[in-house]
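Under the numbering used here, the sequence shown has 53 at position 72, and the numbering climbs by one with no breaks. A virtual CB, placed ideally from N, CA and C, is assigned to each residue, including glycine. A quick note: this is a predicted structure, and the numbers were derived from the prediction, not measured. Okay, structure first, notes after.
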Amino acid sequence: PHQTEILHIKPVTPNEPQYIGSDIHFSCGQEILFIQKTKTNEIKIQLKHDLQRLDRSIFIFVPVVDTTHVDIHVNGKRTTLWQVVGNTPKQGIPHCCGRILRIPVDVRADGSERDGEVLVVF
């Protein structure tokens, strides 16, 4: 048996939240309807909700090292199931400038309000 993995590598902007990718679509972005920075410390990601996508994850960069105050809502409901899966080093310095978060998502595609919406306050 053979297996293929696609790696999506891209630089982050140290002071801005950024969508890194997901395990929803191999293109690492085709699943997004829009991304909106709503406040200085808040980002809203709207996933396409035309097809059901259950037990999936998205990955985002947040420009904070201390994640104790991170608040995440998926489909309008607060979740604590997210986790830090990586650190982003600050160029030329042995300290990091932010964290990579893995956020579990379910897109039900049932027409419900806020289906596929992810709100991250950091």
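{"Item": "Per-residue burial, Leu35 [other beta carbons within 10 Å of its own, 16 or more giving buried]", "Value": "exposed"}
{"Item": "Bridge partner(s) assigned by DSSP for Asp52", "Value": "Val102"}
{"Item": "Test item: CB-CB of Phe15 and Gln27 under 8 angstroms", "Value": "yes"}
{"Item": "Environment of Phe110 [buried if 16+ CB atoms lie within 10 Å]", "Value": "Residue 110 falls outside the range modelled here, since the chain spans only -18 to 103, and no answer is possible."}
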